[in-house]
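Structure first, commentary second.
Residue numbers (this note's numbering): 15 to 61.
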């Protein structure tokens with residue numbers, strides 16, 4: 015979860031502190047508590 019944040023940022027990633035982030039075909043979330051929003055984003059994208 016947040017333990018990898020520093021590694022990602024140091025590797026050049028942009029960390030966005032939101033339940034779900036959609037970047038073209040990539041859908042990500044922060045933690046297991048974000049699962050409902052994450053699944054909604056996946057379903058919306060597949061429609």
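Just so you know, even glycine gets a beta-carbon here, dropped at the ideal spot from N, CA and C. On a predicted model such as this, the values are computed, not experimentally measured, just so you know.
- Residue 41: not part of any alpha helix (DSSP H); member of the beta strand (DSSP E) spanning 40-43, first to last residue.
- A direct Cα-to-Cα measurement between residue 18 and residue 61 gives close to 31 angstroms.
- Closest in C-alpha terms to residue 57, from the list 46, 22, 39 and 44, comes 39.
- DSSP places residue 36 in the uninterrupted beta strand (DSSP E) bounded by 34-37.
- Of all alpha-carbon atoms in 52, 25 and 24, the one lying nearest the alpha-carbon of residue 41 is that of 52.
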